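Colleague: 0 is the number of the first residue of the sequence shown in numbering that gives the first Met the number 0; add one for each residue after it.
Heads up, the beta-carbon is just placed ideally off N, CA and C, and yes, glycines get one too.
Fair warning: this is a prediction, and the values are worked out from it, not measured in the lab.
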Amino acid sequence: MAVEEIHVSSWAELQEQLFADSWHPELRRFRSSFAFRGRNDAGEDLRTSLLRLGGSAASVEGHLLRNFRKYAQRQDVPFDSVWNWLALAQHHGLPTRLLDWTYSPYVAAHFATAQVELFDRPGVVWIVDYVAAHEYAPARLRDLLRSQQSNVFTAELLAEAARGLGDLDGLATDDYVLFLEPPSLDERIVNQYALFSLMSRPEARLDDWLEPRQKLARRLMIPAELKWEVRDKLDQANVTERVLFPGLDGLSRWLARYYAPRSEP
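1) Thinking Asn39 and Gly122 are a contact (beta carbons under 8 Å), I'd like their distance in whole angstroms, please.
2) Can you check which of these residues, Leu50, Leu233, Trp208, Gly54, is closest to Val106 by C-alpha distance?
3) What's the call for Pro161, buried or exposed, on a 16-neighbour Cβ count within 10 Å?
4) Out of Gln191, Arg187, Arg65, which has the shortest C-alpha to C-alpha gap to Leu164?
5) Considering just the uninterrupted stretch of the beta strand (DSSP E) at Asp99, what are its terminal residues?
6) May I ask you to report which of helix, strand or coil DSSP gives Ser120?
7) Under the three-state reduction of DSSP, which class applies to Leu179: helix, strand or coil?
8) For Leu26, which of helix, strand or coil comes out of DSSP?
9) Once DSSP output is grouped into helix, strand and coil, what is the label at His91?
10) Quick one: what does DSSP say Arg187 is sitting in, helix, strand or coil?
11) With C-beta atoms as the reference, is Leu177 less than 8 Å away from Leu87?
12) Less than 7 Å between C-beta atoms, sequence neighbours within five positions excluded: which residues of the same chain meet that for Ala223?
13) Does the segment 97-106 come within contact of the segment 192-209, defined as at least 3 CB pairs closer than 8 Å?
14) Is Ala154 closer than 8 Å to Trp82 when the C-beta atoms are compared?
15) Looking only at its own chain, which residues have a Cβ that is under 6 Å from the Cβ of Leu157, when we skip the five neighbours before and after it?
16) Whose C-beta lies closer than 7 Å to the C-beta of Ala111 among residues of the same chain, with five residues either side of it excluded?
17) By Cβ distance, which residues of its chain are closer than 6 Å to Gln114, with the 5 residues on each side in sequence left out?
18) Inspect the CB distances between the segment 41-54 and the segment 203-211 and report whether three or more fall short of 8 Å.
19) Distance check for Pro77 and Leu179, CA to CA, integer angstroms please.
20) In three-state terms, what does DSSP make of Ala259?
21) Please say whether Asp128 and Leu13 have beta carbons closer to each other than 8 Å?
22) Ala132 and Leu17 - do their beta-carbons sit closer together than 8 Å?
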């Protein structure tokens with residue numbers, strides 16, 4: 000059985016589904032416990048960049064991160080932790096076991112409609128309940144979250160239970176997932192309202208892990224014929240590359256897409 004797929008047919012329905020189940024009765028506020036991941040092509044799975052690299056993920060992961068740390072500037076991370084280095088590496092394109100997520104449903108919708116050349120195919124927003132997912136983590140990690148009254152890990156908190164990547168696998172016999180909030184490395188991290196998912200083994204895939212735990216996740220499908228409307232309305236809401244990728248590169252990407260002529264799927 001696969002993760003539930005919800006197909007929307009309008010902008011209004013998309014918004015309703017993006018914010019569904021966000022009411023928190025104890026707080027009497029709308030406070031979502033979901034992480035969002037938008038992709039331009041609904042056919043894309045949740046393999047990490049490390050798995051897409053090919054070869055043995057377990058063998059190459061340590062070499063990649065060790066050499067990244069060797070050649071990067073030490074002042075680029077707030078303190079010398081493997082989890083900070085891993086977040087920085089992912090942020091700058093190194094193949095890692097991390098996957099990019101956001102707390103913002105609109106940021107995820109942006110990433111599902113950012114590539115005009117893929118408007119001929121449906122996009123997708125993955126939605127995962129990270130609070131419920133952490134209930135499957137080892138007791139040691141769950142206790143750490145409760146002790147801080149936190150729903151996600153920081154590098155400092157995770158380091159209390161696991162100082163290195165290999166320590167994660169040793170905490171349990173079964174695979175599990177963690178959600179890690181990176182430090183504010185730059186404006187891009189902040190503006191994208193970013194967090195990462197982290198599997199306990201480099202070979203593990205989050206979509207495989209979610210398959211028998213379908214209540215934790217759903218896939219919000221955006222049909223190709225709706226993408227232009229979603230894209231234009233996100234632009235009007237200022238959810239664009241100019242904001243999410245601060246600097247001249249992001250500005251240029253936004254302008255190039257904004258002024259591109261419309262083509263029908």
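Modeller: Reading off the structure:
1) Indexing the sequence shown from 1 puts residue 39 at position 40. Indexing the sequence shown from 1 puts residue 122 at position 123. Rounded, the Cβ-Cβ distance is 5 Å, consistent with contact.
2) Reading the sequence shown from its first residue, position 107 is the one you call residue 106. Measuring from the Cα of Val106, the nearest candidate turns out to be Leu233.
3) Within the sequence shown, numbered from 1, the residue matching residue 161 stands at position 162. The question names Pro, yet the displayed sequence has Ala at residue 161. Buried.
4) For the purposes of this step, residue 164 is taken as residue 165 along the sequence shown, with counting starting at 1. Of the listed residues, the one whose Cα sits closest to Leu164 is Arg65.
5) Here residue 99 refers to the residue found at position 100 when the sequence shown is read from its first residue. Residues 97-101.
6) As a first step, residue 120 is located in the sequence shown; it is residue number 121 there, counting from the start. Looking at the sequence itself, residue 120 is Arg, so the reference to Ser does not match. Three-state result, Arg120: coil.
7) As a position in the sequence shown, residue 179 is number 180, starting the count at 1. If DSSP states are grouped into helix, strand and coil, Leu179 belongs with the strands.
8) Residue mapping note: residue 26 aligns to position 27 of the sequence shown, counting from 1. It is coil, neither helix nor strand.
9) The count along the sequence shown starts at 1 and reaches residue 91 at position 92. Note: His91 maps to coil in three-state DSSP.
10) For the purposes of this step, residue 187 is identified with residue 188 of the sequence shown, where counting begins at 1. Helix, per DSSP.
11) Looking up residue 177 in the sequence shown gives position 178. Looking up residue 87 in the sequence shown gives position 88. No, Cβ-Cβ distance for Leu177 and Leu87 is not below 8 Å.
12) Translated into the one-based positions of the sequence shown, residue 223 becomes position 224. Result list for Ala223: Phe118, Asp119, Arg120, Pro121, Pro264, in chain order.
13) yes
14) Here residue 82 is taken as the residue at index 83 of the sequence shown, counted from 1. Here residue 154 is taken as the residue at index 155 of the sequence shown, counted from 1. Yes. Within cutoff.
15) Position 158 of the sequence shown, counted from the first residue, corresponds to residue 157. So the qualifying residues of the chain are Trp82.
16) Counted from its first residue, the sequence shown places residue 111 at position 112. The answer, listed in chain order, is Gly37, Arg38, Asn39, Gly122, Val123, Val124, Ile221.
17) Stepping through the sequence shown from its first residue, residue 114 is reached at position 115. For Gln114, where only same-chain residues beyond five positions count, the Cβ hits under 6 Å are Asn39.
18) yes
19) Counting from one through the sequence shown, the residue named residue 179 turns up at place 180. Counting from one through the sequence shown, the residue named residue 77 turns up at place 78. Spanning the two alpha carbons is a distance of roughly 15 Å.
20) Within the sequence shown, numbered from 1, the residue matching residue 259 stands at position 260. Of the three classes helix, strand and coil, the one that applies to Ala259 here is coil, per DSSP.
21) Taking the sequence shown and counting its residues from 1, the one referred to as residue 13 is at position 14. Taking the sequence shown and counting its residues from 1, the one referred to as residue 128 is at position 129. No, they are not a contact pair.
22) Position 18 of the sequence shown, counted from the start, is the residue given in the question as residue 17. Position 133 of the sequence shown, counted from the start, is the residue given in the question as residue 132. Taking 8 Å as the Cβ cut-off, Leu17 and Ala132 do not qualify as a contacting pair.
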